[in-house]
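Scroll down for the structure; my scribbles are underneath it.
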Amino acid sequence: MNYHKTVLAPLEKCYAVSAFPLGGRQRFLFASEVEAPCLCFDAESLSCETVWQGAGGTMAMVPLHGSATDFLAIQNFFPPFAAAASKLVWISRRQDGTYEVQDYLALPYLHRFGVVEGEEGAFLVLSTLCESKENKDDWSKPGGVYIAPLTASAEETPRPRRLLTGLFHNHGFFTGVVDGTAAVAVGSDQGVHLIQPPEKPGEDWRVCQLTDVPTGEVWLEDLDGDGALELITIEAFHGSALKVYHIDGAGTYRPVWQLPEALEFAHALWCGRLWGEVCGVCGSRRGEAPLLRFFYEDGAYRTERIDTGASAANVWAAWRGGRQCLLSANHGQNACVLYTADSP
């Protein structure tokens with residue numbers, strides 16, 4: 013497959029990327045981990061709006077389903093791990109293309125989050141890298157996972173409660189559907205934990221440990237088409253190994269494939285249907301800093317190189333002009349990037 017690269021705009025230390033509708037149009041959003049703008053591109057015209065100017069430290073941006081104008085984002089998680097003032101902000105797009113940004117929830121070292129729907133409504137799932145730090149090399153206080161009902165507006169502050177603790181280097185985060193139920197998976201030095209809302213109102217949230225292998229990034233996707241979700245990981249924290257696990261008859265995830273070459277500072281991971289087939293995308297931020305596509309074909313896992321030197325922090329698949337594309341926060345290149353391919 014032939015790949016084509018378009019730099020949408022320069023953005024210092026570009027880190028977070030997402031795509032969702034805002035104001036009746038599909039949008040591509042990019043934000044930085046340093047004090048820099050958050051940029052929002054119209055998916056068709058690629059015209060650009062500035063969501064904010066001087067904020068930053070953005071690790072993730074998540075749409076509010078059911079809203080045509082609002083989304084949530086993390087701010088104040090600055091390198092190197094300077095995140096005691098990390099917070100969640102509520103962003104609203106006005107009709108004139110400007111944005112209102114309101115503080116919503118303060119949570120130190122908030123690194124990833126998602127919104128899941130359960131029997132009791134919509135909940136925030138909030139994942140902290142650690143609890144606190146004396147310096148950038150202090151990893152003595154583990155992170156955890158918190159839950160809180162999603163409130164109706166930014167003026168109503170959520171009250172999170174801790175669901176899971178003792179997670180060192182709590183970095184990986186996935187939201188999706190597992191066995192027909194909304195789910196979150198987190199990856200840490202303690203392995204992968206799957207978290208799901210109660211099956212019935214009044215019951216507690218369910219937590220299941222899938223592996224005990226130190227994990228930096230995590231995804232769940234049926235890559236081989238057998239009807240069961242594979243567990244895809246980057247191991248360990250900012251690690252070197254891209255792996256695929258398959259669940260066996262006893263319900264245990266066992267490794268079935270590993271990328272032969274070691275990566276340096278592997279960080280970006282996304283899986284799903286892209287360019288006509290189910291596949292995964294992985295990026296590393298050091299060394300050759302490749303951006304790779306991996307997929308299952310003719311009974312084996314295979315890879316293709318999308319780009320070299322991309323140094324992607326995060327990636328996300330999107331649609332433009334009726335065709336799929338890959339959005340990449342090319343951190344090392346200080347760029348918001350769009351990749352297309354000669355495919356359906």
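Add 12 to the 1-based position in the sequence shown for our numbering, that's all there is to it.
For glycine and all other residues, C-beta sits at the position ideal for the given N, C-alpha and C.
Note that the structure is a prediction, hence the values are computed from the model and not measured.
Practice prompt. Report yes or no: do three or more beta-carbon pairs, one from the stretch 165 to 185 and one from the stretch 244 to 258, lie closer than 8 angstroms?
Written response: Touching, yes, given that three or more Cβ pairs across the two stretches are closer than 8 angstroms.
Leaving out five residues on either side along the sequence, give the residues of the same chain with a beta carbon under 8 angstroms from the beta carbon of G237. For G237, where only same-chain residues beyond five positions count, the Cβ hits under 8 angstroms are V290, Y308.
| task | At 3 residues or longer, and completely inside the stretch 129 to 216: list those beta strand (DSSP E) runs for me, N to C. | result | DSSP runs (the beta strand (DSSP E)) wholly in the stretch 129 to 216: 133 to 140, 155 to 161, 173 to 179, 184 to 190, 193 to 200, 203 to 208.
Confirm, please, whether the CB-CB distance from Q38 to A28 is below 9 angstroms.
With contacts defined as CB atoms closer than 9 angstroms, A28 and Q38 fail to qualify as a contacting pair.
DSSP state of G66 mapped onto helix, strand, coil: In the three-state reduction of the DSSP assignment, G66 falls in the coil class, being assigned neither a helical nor a strand state.
Report task. Kindly confirm or deny that the stretch 159 to 170 and the stretch 224 to 240 touch, where touching means at least three C-beta pairs closer than 8 angstroms. Result -> Counting C-beta pairs closer than 8 angstroms gives fewer than three between the stretch 159 to 170 and the stretch 224 to 240, which falls short of the contact rule.
Notebook entry, point to check: When the distance is taken between beta carbons, is T320 closer than 9 angstroms to R305?
Noted result: No.
Contact between the stretch 54 to 62 and the stretch 82 to 101 (3+ Cβ pairs under 8 angstroms)
With the cut-off at 8 angstroms, the stretch 54 to 62 and the stretch 82 to 101 do not touch.
**Q.** Bridge-paired residues (DSSP) for R314
**A.** The bridge partners DSSP lists for R314 are F307.
Worksheet item: How is G261 classed by DSSP in three states: helix, strand or coil?
Response: Coil, per DSSP.
Exercise. Can you tell me whether H77 is buried or exposed, with buried defined as 16 or more other CB within 10 angstroms of its CB?
Worked result: In summary, H77 is exposed, with fewer than 16 beta-carbon neighbours lying within 10 Å of its beta-carbon over all protein chains present.
- From the DSSP output, which residues share a beta bridge with N342? N342 is bridged to A324, A347.
Problem - Cβ-based neighbour list, G344, same chain, cut-off 7 angstroms, excluding 5 preceding and 5 following - result: The residues are R297, A301, S323.
Taking 9 angstroms as the threshold (C-beta atoms), are V230 and L275 in contact?
Result no, Cβ atoms of L275 and V230 do not sit closer than 9 angstroms.
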